[in-house]
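A.B. asks: Structure in structure tokens, see below.
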Amino acid sequence: MDHPFAEWKFLNNIRNMSTVNNLRGVDLNLLVVLDAVLAERHVSRASLRLGMSQPAVSHALARLRDMFDDPLLVRRDGTFVLTTRAQQLVPLLSDTLHQIRMVVGPEQFDPANEVRQFRIAMSDYGSAVLLPQLMPMLRHEAPAVSVVVTHSDRSGMVRQIMDGEVDLALGVFSESPTNFAGSVLFNERFVCVVADDADEGSGTLTMEAYLQRPHILVAMKEVGGNEIDVALAKLGFSRRIALALPHWSVAQNLVSGTDLILTIASRAVGPLGMSGNNIVLEPPFSIPEFSFTVNWHDRRTHDPAHQWFREVVRRAVGSNDPSRRL
1 MDHPFAEWKF LNNIRNMSTV NNLRGVDLNL LVVLDAVLAE RHVSRASLRL GMSQPAVSHA
61 LARLRDMFDD PLLVRRDGTF VLTTRAQQLV PLLSDTLHQI RMVVGPEQFD PANEVRQFRI
121 AMSDYGSAVL LPQLMPMLRH EAPAVSVVVT HSDRSGMVRQ IMDGEVDLAL GVFSESPTNF
181 AGSVLFNERF VCVVADDADE GSGTLTMEAY LQRPHILVAM KEVGGNEIDV ALAKLGFSRR
241 IALALPHWSV AQNLVSGTDL ILTIASRAVG PLGMSGNNIV LEPPFSIPEF SFTVNWHDRR
301 THDPAHQWFR EVVRRAVGSN DPSRRL
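Next comes the structure, spelled out in structure tokens:
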């Protein structure tokens, strides 16, 4: 450590985390288990993260509860939540483990031998953009790493991140809550998909034709300020929704052979596939681009395995063929 104050802070942190004043009474390995349990908020997920058996983690948690004289993790409304004492420990624990790693040297992380499950919340659009590139990378670089994907709306994704139910949430987040960390993966634009017919055979879609056609809306909820309708409203227009559904992939397959029009993110056109003789056109009005981001809880920011996984996700999305976009 570069400064005496840093050493004092490091030792003081460890003393504060224990109910005993003598370090000989503290098994520092328990702090690693505590870090995983508080981050995952689930014993079985913490065991996967640590490469330990579930009974071993449960036994360690029992010792930690004894040490702190606090349950630390309790079930409430069908999910596990941190006690007030555990919430106070999270930043202190993160700082303490960081200081310990500075003393013993950088933590070694070997993806090839990592046994861990990562959980991602995203829509089928996100899955189509990410998974075809991500899974081959993981099978090559980290064959013992597994991935679980969940599907929820934006508020659900935020809750899953805050509750420790997922490691990453991929999507569009206009506002990030406290304790959220994230970065932009790419900026996306909208295109229109219609059946190939004489009306739009020239490759140009007029505003009149756009408004006359019945529309497919892809959204988790029927109402809400989606980017397309907000842009239309600013021009004094509205469209008629013939079908609202939450699945990007199914929506494209419903256009062929109908007069329906689908306004969709451009990267979704290639990865999700299309059936029938459909054509892709530019919207006849300006729709602002949106940023597709990867988000996580900041308590995971310095976890070496989590850092590695975020980088693999970024590489996978970056390898998506840009020629699929107009």
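No gaps in the numbering here: position 269 of the sequence shown is 269 in full-length UniProt numbering, and each next residue is one more.
We put the CB at the ideal spot given by N, CA and C, even for glycine.
(1) Is it the case that the Cβ atoms of Ile216 and Leu281 are separated by a distance below 8 Å?
(2) Flag this pair as touching only if the segment 226–235 and the segment 291–302 have three or more C-beta atom pairs under 8 Å; answer yes or no.
(3) Within its chain, find whatever has a CB closer than 7 Å to the CB of Ala265; leave out the 5 residues flanking it on each side and keep chain order.
(4) Heavy atom of the ligand NAP less than 7 Å from the Cβ of Val269, yes or no?
(5) Taking just the CA atoms, how far does Val147 sit from Ala316?
(6) With DSSP run on the structure shown, which of helix, strand or coil describes Leu170?
(7) At least one CB of chain C closer than 8 Å to the CB of Ile287: is that the case?
(8) Cutting at 8 Å between CB atoms, please list the residues of its own chain near Met32, excluding the five before and the five after it.
(9) Where Glu141 and Asp167 are concerned, what is the direct C-alpha to C-alpha distance, given to the nearest angstrom?
(10) When we look at the beta-carbon of Met122 and count the other beta-carbons within 10 Å, is it buried (16 or more) or exposed?
(11) If Phe118 sits next to Val145, beta carbons under 8 Å apart, how far is it from one beta carbon to the other, in whole angstroms?
(12) When the Cα atoms are used, what is the spatial distance from Pro143 to Met137?
(13) Measuring CB to CB, does Leu82 end up less than 8 Å from Leu92?
(14) Rounded C-beta distance between Arg85 and Asp163? I'm assuming under 8 Å.
(15) Please work out which residues of its chain come closer than 8 Å, Cβ to Cβ, to Asn278, disregarding the five sequence neighbours upstream and downstream, and give them in chain order.
(16) Can you tell which of Thr178, Phe180, Gly171, Asn179 has the C-alpha that lies nearest to the C-alpha of Phe186?
(17) Could you pull the DSSP bridge partners for Ile264 from this structure?
C.D. replies: Taking the geometry as given:
(1) No. Outside cutoff.
(2) no
(3) Tyr125, Glu188, Phe190
(4) Absence of the ligand NAP is noted for the structure shown, with no ligands found whatsoever.
(5) 14 Å
(6) strand
(7) Within the model displayed, chain C is absent; a lone protein chain is all it includes.
(8) Note that residue 32 corresponds to Val in the displayed sequence, not to Met. So the list reads Leu50, Leu97, once near-sequence residues are dropped.
(9) 19 Å
(10) buried
(11) 7 Å
(12) 9 Å
(13) no
(14) The pair is not a contact, with the Cβ atoms about 18 Å apart (cut-off 8 Å).
(15) Val193, Val194, Ala195, Asp196, Gln252, Val255, Ser256
(16) For the set Thr178, Phe180, Gly171, Asn179, the Cα lying nearest the Cα of Phe186 is the one of Gly171.
(17) Val191.
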